Amino acid sequence: VSYTDSIENFWDWLSNITEVQESLARTKRRPIVKTGKFKKMFGWGDFHSNIKTVKLNLLITGKIVDHGNGTFSVYFRHNSTGLGNVSVSLVPPSKVVEFESSPQSTLETKESKSFNCRIEYEKTDRAKKTALCNFDPSKICYQEQTQSHVSWLCSKPFKVICIYIAFYSVDYKLVQKVCPDYNYHSETPYLSSG
């Protein structure tokens, strides 16, 4: 099995995992152990954020996998229909949650020494179509559909990483930072919706 096949299989698996109902409770407090290789999912190993506005539907799903050898991978899948800009990134816990004028900010030198992550795989597909407008069904609107996949590989030294989502559209703005509890382990996902 090639590396590309493994990544594609992971994305297929991740799309199936995101169908988990939002009403599931976090009940188990033990790491998940895969046969063969030790892999531990952090407590919120499955990440799910669903944002719906008048002009945009956005779904972000993700997973953190600890490989048990000092490295871990972070996988994200993003699907959107409508108009808006979204940025999903990994940041240190000290990153301030704020609306920024620039879409990307750089890490400070001190933080970058303890934050060792690189993008391992990235793919984006875009399409435009016409449809009835959600806010006025008598009008025709252009909708942009975007699907992107990204995976990061991180290695020590690191203390804690957080997921930072910044979303901007005509009618809605959202900035959210989620940091895992590395002492809490669960097989059920962290669910966030806005």
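Numbering-wise (the working numbering), the sequence shown opens with residue -15 and increments by one.
Backbone N, C-alpha and C define an ideal beta-carbon position, used for all residues, glycine too.
Remember, it's a predicted structure, so these values are computed and weren't measured experimentally.
Beta-carbon contacts of residue i that lie in its chain and below 6 Å, excluding the five residues immediately before and after
| i | result |
| --- | --- |
| Lys161 | Val81, Cys146 and Tyr148 |
| His62 | Ile44 and Ser132 |
| Ala150 | Ser71 and Val159 |
Unbroken beta strand (DSSP E) run spanning residue i, endpoints
| i | result |
| --- | --- |
| Lys47 | Leu40 to Asp50 |
| Glu128 | Ile124 to Ser139 |
| Cys146 | Cys146 to Tyr152 |
| Lys157 | Lys157 to Val162 |
| Phe83 | It is not in any beta strand (DSSP E) - Phe83 carries neither H nor E in the DSSP assignment. |
Simplified DSSP state of residue i, which is helix, strand or coil
| i | result |
| --- | --- |
| Asp120 | coil |
| Ser78 | coil |
| Thr37 | coil |
| Asn100 | strand |
| Gly66 | strand |
Proximity test, residue i beta-carbon vs the ligand GDP heavy atom, cut-off 7 Å
| i | result |
| --- | --- |
| Ser71 | In the structure on display, the ligand GDP does not appear, and there are no ligands present to speak of. |
Residues bridged to residue i [DSSP beta-bridge criterion]
| i | result |
| --- | --- |
| Glu106 | Val134 |
Neighbourhood of residue i by C-beta, 7 Å cutoff - its chain only, sequence neighbours within 5 removed
| i | result |
| --- | --- |
| Ala111 | Gln129 |
| Asp155 | Thr37, Val38 and Lys39 |
| Cys179 | Residue 179 cannot be examined here, being either before or after the span of the chain that is shown, -15 to 178. |
Own chain, CB closer than 8 Å to residue i, minus 5 neighbours either side, in chain order
| i | result |
| --- | --- |
| Thr114 | Ile124, Cys125, Tyr126 and Gln127 |
| Ser153 | Thr37, Lys39, Leu40, Gly66, Leu67, Gly68 and Asn69 |
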